[in-house]
Amino acid sequence: MEILRSKKKPTAEAASNLSLYRCAPSLEVRLDDFELYAIDRLRVLKGISNGLSRGKTPDEMKTLVNELWRTNMRHPDVTQIINKDLISHFVLRLVYCRTDELRKWFLSMETTLFRYRFRLESLESQRMLMAEFQLPYKALNYVEYERVKDKLTQVSRSIGQSSNVDTIFFKVPFEEVPELVANRRVFLLKGNAYVAMNQVKWTSTIREQEKDRLTPIVEALGSSYLGPDYSQPMEFTDISLKDIDQLANTSFPLCMRHLFNRLREDHHLKHGGRMQLGLFLKGVGLNLENALAFWRAEFSQKVGSERFDKEYAYTVRHNYGKEGKRTDYTPYSCQKIISVTPSVGDHHGCPYRHFSEENLRAALSKMGVGGRAMDDVMDKVRNRHYQLACTMTFETIHAASCDSGINHPNQYFIQSRKLLEPKGQSLS
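In terms of full-length UniProt numbering, the sequence shown is residues 1 to 428.
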């Protein structure tokens, strides 16, 4: 592709570390690195997703992406940083190629990441990278640029970007950049859109074959939770039965509050609900003895104590690592809860995803969400930002910000107690 309006030749110093990811690297990768590199990159992509859903400005996103990349993609051996970039990208391609929804999310986040990294490159490096794309588009030459530069400057100003003589513009058929056209971010003339270098999007993608020995890692990464481990109580180590109703009303997230209330009303929950609520209660500090007493008191009203001991007590002990494989099971993260699909009669899952709008509004109203806050939460739900909707609910009812976002029900509980206990609501 011919890049005009520049008479400089690329120099060795202009060489970029930014890859176009055209093909997977021929590298031997240890299984530990295979997973750890992917997790580090996933932290970057999920941080970008959270920033976008919270409506951060382009300048704020630039700072965020910079910090996410610097923090998560570093390597003790500087010569391995590029390899980590390549390996992590292609591992996540493997992970996120399995469904349309996963592919769309991955492509959107990688596009955003590439765009911001591209903007950090020098102008000479950007030109070299564009040449590698081999796109069938020509950069405007000087004469054509002079004819439309006033219009280009107006568009740049309207979207808050600078335009100068060093900016390269490409003439592209308008139907190939529908998002830019829809958002009025380009100048249109005679069926062509004039696209600035910093608006060029990366859209190359390939498919990979999953390897049998990598399947468990790939499947786990697709729904991996990257936050703290809540398999053991972290800060509230002894929750008594006499306090549990008050805690449910003040510090349980909506998903757990709903399960708790249905258990109190129906004196029964199906397996999915028992697992979701039971592991959550374990994580917030309900010990095994109290857990057995809690579930027995509810279920015995429906099925009797004898049947509870025969059919249900085992599962409670199992969750605490006292039966079967004696695994210490971990409370479910938001991502896992959102991903399930409850059947008729089930009450587990994420209310922000699975409730009707009417039921969700009623549930949020009972929690104290209303007015503009209700509209904001529902807007996030309609756009499928379920964790952000939960975060906004938390911020509304606690009158405090939660910059990290809600990623786990037990995190919600812990942050709630931190805010409420200093205000005289300690349960000790």
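Heads up, the beta-carbon is just placed ideally off N, CA and C, and yes, glycines get one too. Remember, predicted model here, so these are calculated numbers, not experimental data.
- It is roughly 8 Å from the alpha-carbon of N66 to the alpha-carbon of R117.
- For M73, the closest alpha carbon among the candidates V340, E289, L36 is that of L36.
- In this structure, DSSP gives P173 an extended state, which the three-state scheme calls strand.
- By the criterion of at least three beta-carbon pairs nearer than 8 Å, the segment 384-395 is in contact with the segment 42-57.
- The criterion of a C-beta distance shorter than 7 Å is satisfied by S19 and L86.
- E358 is the residue among K366, E358, I397 whose C-alpha sits nearest the C-alpha of M378.
- In this structure A293 is exposed. Its beta-carbon is surrounded by fewer than 16 other beta-carbon atoms within 10 angstroms.
- Of the residues assessed, E311 falls on the exposed side of the cut-off, its CB having fewer than 16 other CB atoms within 10 angstroms.
- Following the DSSP letters along the chain, one finds A196 in no alpha helix (DSSP H) but inside the beta strand (DSSP E) bounded by residues 192-196.
- As computed with DSSP, L189 is found in a beta bridge with N192.
- Runs of the alpha helix (DSSP H) lying entirely within the segment 53-135 and spanning at least 4 residues, in chain order: 58-72, 81-96, 100-119, 123-133.
- Spanning the alpha carbons of A400 and P351 requires a straight line of approximately 22 Å.
- Following the DSSP letters along the chain, one finds R384 in no alpha helix (DSSP H), marked with neither H nor E.
- Less than 7 Å separates the beta-carbon of I337 from that of C255.
- Burial state of Y412 is buried, judged by a 10 Å Cβ sphere holding 16 or more other Cβ atoms.
- Under the three-state reduction of DSSP, T327 is assigned to coil, being neither helix nor strand.
- Boundaries of the alpha helix (DSSP H) harbouring G272: 271-284, taken from the DSSP string.
- If you draw a straight line from the Cα of D266 to the Cα of A389, it comes to about 28 Å.
- If you keep only unbroken alpha helix (DSSP H) runs of at least 4 residues inside the segment 301-348, you get 305-311, 313-319, 334-339.
- The alpha carbon of L241 has as its nearest neighbour, out of L102, K46, A291, G273, the alpha carbon of A291.
- Assigned with DSSP and collapsed to three states, P351 falls in helix.
- Shown here, I406 sits in coil according to DSSP, grouped into three states, outside any helix or strand.
- Of the residues assessed, G304 falls on the exposed side of the cut-off, its CB having fewer than 16 other CB atoms within 10 angstroms.
- Restricting attention to A363, R43, V78, Q80, the CA atom closest to the CA of L68 is found in R43.
- In the structure shown, E28 falls within a coil segment according to DSSP collapsed to helix, strand and coil.
- The Cβ-Cβ distance between H408 and C334 falls below 7 Å.
- T391 sits close to I406, with the two beta carbons spaced by under 7 Å.
- Ranking L281, D33, H268, L92 by CA distance to the CA of Q80 puts D33 first.
- A straight-line Cα-Cα distance of about 10 Å links E298 and F308.
- The alpha carbon of N319 has as its nearest neighbour, out of T63, V95, G349, L288, the alpha carbon of L288.
- When DSSP states are grouped into helix, strand and coil, G368 belongs to the coil group.
- V316 and G278 have their C-alpha atoms spaced approximately 7 Å apart.
- For H268, the closest C-alpha among the options V148, H348, G191 is that of H348.
- Residue environment for A193: buried (at least 16 other C-beta atoms within 10 angstroms of its C-beta).
- Counting other Cβ atoms within 10 Å of its Cβ, K190 stays below 16 and is therefore classed as exposed.
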